[in-house]
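Residue numbers (our numbering): 2 to 89.
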């Protein structure tokens, strides 16, 4: 990574700016290949650590975590299964 790109990353402070920087890097590394399923890839890359972090913050209290995330507890359970996150 060039110094300019590193500097761009340091300047970016919001999550959306970080996503944009990361997507630029991703697309630059593709070269001649075409991108597919980018939407799903980004969601998975963000959703799993988000759920993990909120579960840690709530000491694995799924009801509280679901409330913080703004989703139904059953939806949280399905996402935990999807990402193979431990329910304990």
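Even for Gly, the Cβ is constructed at its ideal location relative to N, Cα and C.
Residue 52: which of 67, 38 and 40 sits nearest, CA to CA? Counting from one through the chain shown, the residue named residue 52 turns up at place 51. Of the candidates 67, 38 and 40, the one whose C-alpha sits nearest the C-alpha of residue 52 is 67.
Give me, in chain order, the residues of the same chain whose beta-carbon lies closer than 7 Å to that of residue 57; leave out the 5 immediate sequence neighbours on both sides. Here residue 57 refers to the residue found at position 56 when the chain shown is read from its first residue. If the five residues before and after residue 57 are omitted, its C-beta is found closer than 7 Å to no C-beta atom of its own chain.
Does the separation of the CB atoms of residue 69 and residue 55 fall below 8 Å? Start at 1 with the first residue of the chain shown, and residue 69 comes out as number 68. Start at 1 with the first residue of the chain shown, and residue 55 comes out as number 54. Result yes, Cβ atoms of residue 69 and residue 55 sit closer than 8 Å.
Contained alpha helix (DSSP H) runs [length at least 4] in the stretch 34 to 71, N- to C-terminal order: 39 to 58 and 63 to 70
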